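Participant: Anchor point for the sequence shown: position 4 equals 1132 in the working numbering, and the numbering is continuous, going up by one each time. Note that CB positions come from ideal geometry on N, CA and C, so glycine has one too. What you are looking at is a predicted structure, and each value in this text was computed from that prediction instead of being measured. Pasting a structure here, questions to come.
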Amino acid sequence: MTAATRNSDFLSPKYWPIWSGIGILWLLNRLPWRWQIQLGRVLGLFLFVTSPHRRRVTRTNIRLCFPELSNDDQAKMIKQVFINNGIGLFETAMAWWTPREKLKPFIELKGQEHLEQALEKGKGIILLGAHFSTLDLGGLIFSEFYPVDAMYRQHNNPLLEHIITRGRQRYFEVVIERSDIRTVVRSLRKNHIVWYAPDQDFGRKNSVFVPFFGVPAATITATTRLVKFNDSPIMMLAQHRKPDNSGYVLEVFPPIEPFPTGDEETDASLVNAEIEKAIRIDPSQYMWVHRRFKTHPKGKGYLYTKKQRDTSQT
């Protein structure tokens, strides 16, 4: 299908609800930054009340990953996860449409020395990311300091795929569909930074079960192969909104060394440990609304069944 045909199809009535939602989000993005943060909080609380399925998924994830917290503290974190996801929608709009100069006073990058040392090797960098609520805004902020390419998973809805990709092309040098390994290798050989988030459950294929917050999680082994293609250093990028909502902090961790180790399970465990360390800076800003542990030796979604939710077993 040609681009012209695809864009023409997007005028179909079946896409009108999406266009309406995007239009409203674009208009709200014109509001002052702090107003958008407050509206995001309201949206998050609304989703908390009206999304029982996602609330159950989030509750299960928090119970599994933070058993040391009391029931009250877990409940507070669950509600804050929804609030941050609501704010995250407005932060995505900021990444797509807010003028860069308006965001510059609110951003800070730590660990820049690790990037500089890695780039001196001329092998490119695999920059580990994770699905924080600030996901897209983090990409825009990072691009203020360094050019960056990004791997992503194609959206099932063609219109949303079109809108999301156009939004990300504003700040990523190259947007690479995750199956396009050739383009990834070309970027690394040009000494580019390639952002890559391996923290979702993609099923059993090409995955190993290794701990994530102490819970066995299906973790893809592709990270090892990506590093091997060009002997590229690999390091974690953490991103968070400041606790007082006064701005954003990006932090680059030192390279994971040694990597690869020669064992895919060990490599996957090292990657999960870095992601976990980044999440623990503010756990409520991670997207716990997704079923991170949906693949399980006892069956898909086993940990999210009612029987398992009602027990403390993992």
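Check this for me: beta carbons of residue 1347 and residue 1338, under 7 Å apart or not?
Facilitator: Yes, these two residues count as a Cβ contact at 7 Å.
Participant: Can you grab the Cα-Cα spacing for the pair residue 1185 / residue 1243, in whole Å?
Facilitator: Distance between the alpha carbons of residue 1185 and residue 1243: 36 Å.
Participant: Drop a sphere of 10 angstroms on the beta-carbon of residue 1130, count the other beta-carbons inside from all chains shown, and report buried for 16 or more, exposed for fewer.
Facilitator: Low confidence applies to residue 1130: its pLDDT is 42, below 50, so where it sits in the model is not reliable, and the reading given next is rough at best. By the 10 Å Cβ count, residue 1130 comes out exposed.
Participant: With three or more beta-carbon pairs closer than 8 Å as the criterion, would you say the region 1354-1362 touches the region 1205-1223?
Facilitator: No, the region 1354-1362 is not in contact with the region 1205-1223.
Participant: Can you pull the DSSP bridge partners for residue 1368?
Facilitator: In the DSSP output, where bridge partners are listed per residue, residue 1368 has 1377.
Participant: Measuring CB atoms only, is the region 1419-1427 touching the region 1167-1180, in the sense that at least three cross pairs come out at less than 8 Å?
Facilitator: Segments in contact, no.
Participant: Please classify residue 1409: does DSSP put it in a helix, a strand, or coil?
Facilitator: Coil at residue 1409, not helix or strand.
Participant: Please tell me whether residue 1236 and residue 1377 are closer than 7 Å, where the distance is taken between their beta carbons.
Facilitator: Contact flag set, yes.
Participant: Reducing DSSP to helix, strand and coil, say where residue 1494 ends up.
Facilitator: Coverage of the chain is limited to positions 1129 through 1442, which leaves residue 1494 absent and any answer about it impossible.
Participant: Would a C-beta distance cut-off of 7 Å place residue 1221 and residue 1153 closer than the cut-off?
Facilitator: Contact flag set, yes.
Participant: Kindly list the residues whose CB is nearer than 6 Å to the CB of residue 1224, restricted to its own chain and excluding five residues on each side of it in sequence; keep chain order.
Facilitator: Excluding positions up to five away in sequence, the list reads 1295.
Participant: From what residue to what residue does the beta strand (DSSP E) around residue 1348 run?
Facilitator: Where residue 1348 is concerned, the enclosing beta strand (DSSP E) stretches over 1343-1348.
Participant: By alpha-carbon positions, which one of 1140, 1398, 1345, 1341 ends up nearest to residue 1332?
Facilitator: It is 1345 whose Cα lies nearest to the Cα of residue 1332.
Participant: Please state whether the Cβ-Cβ distance between residue 1322 and residue 1403 is less than 7 Å.
Facilitator: No. Outside cutoff.
Participant: Kindly list the residues whose CB is nearer than 6 Å to the CB of residue 1389, restricted to its own chain and excluding five residues on each side of it in sequence; keep chain order.
Facilitator: Contacts found: 1395.
Participant: Indicate the three-state DSSP secondary structure (helix, strand or coil) for residue 1423 in the structure shown.
Facilitator: In this structure, residue 1423 counts as coil in the three-state DSSP scheme.
Participant: Please name the residue, chosen from 1352, 1351, 1334, 1327, that lies closest to residue 1340 on a Cα-to-Cα basis.
Facilitator: That would be 1327, whose Cα lies nearest to the Cα of residue 1340.
Participant: Return the CA-CA distance between residue 1441 and residue 1190, expressed in angstroms with no decimal places.
Facilitator: Here residue 1441 scores only 43 on pLDDT, less than 50, and its place in the model is too uncertain to base an answer on.
Participant: In terms of residue numbering, what span does the alpha helix (DSSP H) encompassing residue 1261 cover?
Facilitator: Element bounds for residue 1261: n/a, residue is neither H nor E.
Participant: Taking the straight line between their C-alpha atoms, what separation do you get for residue 1182 and residue 1358?
Facilitator: Distance between the alpha carbons of residue 1182 and residue 1358 is about 40 Å.
Participant: Going by beta carbon distance, what residues of the same chain come within less than 8 Å of residue 1133, once the five residues before and after it are set aside?
Facilitator: Low confidence applies to residue 1133: its pLDDT is 44, below 50, so where it sits in the model is not reliable, and the reading given next is rough at best. Excluding residues within five positions, none has a Cβ falling inside 8 Å.
Participant: How would you write the range of the beta strand (DSSP E) that residue 1323 sits in, first residue to last?
Facilitator: From DSSP, the beta strand (DSSP E) with residue 1323 extends over 1321-1324.
Participant: Going along the chain, which residues of its own chain have a beta-carbon closer than 6 Å to the beta-carbon of residue 1168, five neighbours each way excluded?
Facilitator: Once the five neighbours on either side are set aside, the close Cβ partners of residue 1168 are 1214, 1215, 1218.
Participant: If you reduce the DSSP assignment to three classes, tell me which class residue 1300 lands in.
Facilitator: Residue 1300: coil per DSSP, three-state reduction.
Participant: Work out the CA separation of residue 1252 and residue 1352 for me, nearest whole Å.
Facilitator: Whole-angstrom Cα-Cα distance: 15 Å.
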